[in-house]
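Chemist:
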């Protein structure tokens, strides 16, 4: 007669369905022919594992170096991690292995989100809680996929999942980000790969940390700039599409400030991803982006305590260098801004903030010089005429544009090392004949 307890266990086992199981059995108790060598038993078990319905991946290992808390040797046993294409009942898997369902554990019930990863990692004791156990080599695992490569990727994120470990994992990632050991995108990638459900909590904490960090850095940076006498530099690069304005801007940024510069984002939020970089590239700048008065504040060479306009969430701009690329040169931009009051907001206010003005054409890059206001006579609606004044620039010097002939990013990467010194030499020449602004564009090493 079957006891009530055994009936309940059987009923429970019959109800288990999963797409991942861990099979554990002592080597001496494997349901295989007696007297076989260990290698033959393992090979026979692998053959049986391959017959499991819907098997996708499997990995197994013999644990023959385990010991209990008292240091006593544990009998050799085998762990088999099974991953299936679809959920199957535990009894069906047990039948394929010719063993009891009690030797199988569902890895998607108890461990939930990370059960499969933890199962594969536990084969060599690379999970939290198993650190003190014997650490087996990945090479000892027999699998139908590249297990060593898989476990190498997995080691950074595998852990037993519970509320406490989620908090600890987020804390660890944030600490690594703050210490500069990983970038923001790498921090997000680690959390996404570990558990997408942690992202909302992680992103809230990340935003709070970034905002506070930026405030502290802004204050420290402003204090240091207030004590110095080095003005902010502003470079305006104008030209048609496809002439290489942005490539030139990034080349200048890398040469002057290094790889950490900010390239403006979408039309919706120009400063969405700004994170305190000391070089800012305002790409494809147009008259409707920022009001003239706000632009003057931002470009003020001797004012460092500035914020992005309110529409861009008032972010502190910690820029030593601002590079503007635009289809408009400064004079044409000024003529197309709607909120200007010429008597108050004269063009001279903008020009004196510009350290260098460049014009990019298909065949050449030119250094432009402000030539004052040009008077034009225009026909009036009543048949007469009237005169108008508009600011204008003249070309002072030029050199060949080595960028515009490059067709795509792949080709540019190949030729970057060749053309960069030529471009920087031309820009350095502009410095000498221009305002001698000290951008030092001889080329970074």
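Numbering (my numbering), first residue to last: 5 to 449.
Heads up, the beta-carbon is just placed ideally off N, CA and C, and yes, glycines get one too.
Spatial neighbours of residue 328 within its chain, please: CB distance less than 6 Å, with the 5 preceding and 5 following residues excluded, ordered by chain position.
Modeler: Here the set comprises 240, 286, 289.
Chemist: For residue 368 versus residue 408, is the C-beta distance shorter than 7 Å?
Modeler: In this structure, residue 408 does not lie closer than 7 Å to residue 368 by Cβ.
Chemist: Need the endpoints of the beta strand (DSSP E) that residue 89 sits in, please.
Modeler: Counting along the chain, the beta strand (DSSP E) containing residue 89 begins and ends at 81–93.
Chemist: Determine whether the Cβ of residue 412 lies closer than 7 Å to any Cβ atom of chain C.
Modeler: In the structure shown, chain C does not exist; there is a single protein chain.
Chemist: For residue 89 versus residue 58, is the C-beta spacing smaller than 7 Å?
Modeler: It is a contact, given that the beta carbons lie within the stated cut-off.
Chemist: Suppose you measure from the CA of residue 335 to the CA of residue 406; what does that come to, to the nearest Å?
Modeler: When rounded, the distance between both Cα atoms is 26 Å.
Chemist: Let's see if you can read the secondary structure: which residues bound the alpha helix (DSSP H) around residue 143?
Modeler: No alpha helix (DSSP H) holds residue 143; DSSP gives it neither H nor E.
Chemist: Taking the beta carbon of residue 251 as the centre, do at least 16 other beta carbons fall within 10 Å, making it buried, or is it exposed?
Modeler: The residue in question, residue 251, is buried, as its Cβ has 16 or more Cβ neighbours within 10 Å.
Chemist: When DSSP labels each residue in this structure, what does residue 459 get in the three-state scheme?
Modeler: Any property of residue 459 remains undetermined from this structure, which presents the chain solely from 5 to 449.
Chemist: May I ask you to list the residues that DSSP assigns as paired with residue 397?
Modeler: Bridge partners of residue 397: 374.
Chemist: Quick one: Cα of residue 416 to Cα of residue 425, how far?
Modeler: Straight-line Cα distance between these residues: approximately 14 Å.
Chemist: On a CA-only basis, which of 303, 231, 82 is nearest residue 144? Give me that one, please.
Modeler: Per the Cα distances, 82.
Chemist: Is it buried or exposed for residue 35, if we count other Cβ within 10 angstroms and need 16 for buried?
Modeler: Exposed.
Chemist: Is it buried or exposed, residue 260, if we count other Cβ atoms within 10 angstroms and call 16 or more buried?
Modeler: Buried, by the Cβ-count rule.
Chemist: For the beta strand (DSSP E) containing residue 221, list its first residue and its last residue.
Modeler: Looking at the DSSP string, residue 221 is not in any beta strand (DSSP E); the run it does join, the alpha helix (DSSP H), is 203–231.
Chemist: For residue 299, which of helix, strand or coil comes out of DSSP?
Modeler: Residue 299: helix per DSSP, three-state reduction.
Chemist: Give the straight-line distance between the Cα atoms of residue 28 and residue 190, rounded to the nearest whole angstrom.
Modeler: Computed Cα separation, rounded: 37 Å.
Chemist: Looking at the secondary structure, which residues open and close the alpha helix (DSSP H) in which residue 47 lies?
Modeler: Unbroken alpha helix (DSSP H) run through residue 47: 42–54.
Chemist: For residue 29, write down the residues that DSSP places opposite it in a beta bridge.
Modeler: Answer by DSSP bridge pairing, in chain order: 82.
Chemist: Is residue 401 near residue 371, with beta carbons less than 7 Å apart?
Modeler: It is a contact, given that the beta carbons lie within the stated cut-off.
Chemist: Could you tell me the alpha carbon to alpha carbon distance between residue 396 and residue 377, rounded to whole angstroms?
Modeler: Cα to Cα, residue 396 sits roughly 6 Å from residue 377.
Chemist: I'd like to check one pair, residue 194 with residue 177: are the Cβ atoms closer than 7 Å?
Modeler: Cβ distance < 7 Å, so residue 177 and residue 194 count as in contact.
Chemist: If we ignore side chains and look at the alpha-carbon of each, how far apart do residue 203 and residue 209 end up?
Modeler: Going from the Cα of residue 203 to the Cα of residue 209 covers about 10 Å.
Chemist: Residues bridged to residue 126 by DSSP?
Modeler: None, per the DSSP bridge assignment.
Chemist: Count the other CB atoms within 10 Å of the CB of residue 199; is the residue buried (16 or more) or exposed (fewer)?
Modeler: The residue is buried, with at least 16 neighbouring Cβ atoms inside 10 Å.
Chemist: Let's see if you can read the secondary structure: which residues bound the alpha helix (DSSP H) around residue 138?
Modeler: Run containing residue 138: none; DSSP gives neither H nor E here.
Chemist: Which residues in the same chain as residue 139 place their Cβ atom closer than 7 Å to its Cβ, once the five residues preceding and following it in sequence are excluded?
Modeler: So the qualifying residues of the chain are 128, 129.
Chemist: Is the separation between the beta-carbon of residue 26 and that of residue 184 shorter than 7 Å?
Modeler: It is not a contact, given that the beta carbons lie outside the stated cut-off.
Chemist: Using C-beta distances below 8 Å, list every residue in its chain close to residue 437, excluding the 5 sequence neighbours before and after it, in chain order.
Modeler: Here the set comprises 371, 400, 401.
Chemist: Hey, how far is the Cα of residue 155 from the Cα of residue 332?
Modeler: Looking at the two C-alpha atoms, the distance is approximately 54 Å.
Chemist: Can you give me the C-alpha to C-alpha distance between residue 42 and residue 64, rounded to a whole angstrom?
Modeler: Computed Cα separation, rounded: 13 Å.
Chemist: Just checking my contact of residue 108 with residue 98 at CB under 8 Å: how many whole Å lie between their CB atoms?
Modeler: Yes, residue 108 and residue 98 are in contact; Cβ-Cβ is about 6 Å, under 8 Å.
Chemist: Name the two residues that bound the continuous beta strand (DSSP E) containing residue 384.
Modeler: Segment: none, residue 384 is in no beta strand (DSSP E) and carries neither H nor E.
Chemist: I'd like to check one pair, residue 303 with residue 238: are the Cβ atoms closer than 7 Å?
Modeler: Contact: yes.
Chemist: Residues in the same chain with beta-carbon distance under 6 Å from residue 266, minus the five sequence neighbours each way, listed in chain order, please.
Modeler: 278, 281, 284, listed in sequence order.
Chemist: Give the DSSP bridge partners of residue 403, in chain order.
Modeler: In DSSP, residue 403 forms a bridge with 369.
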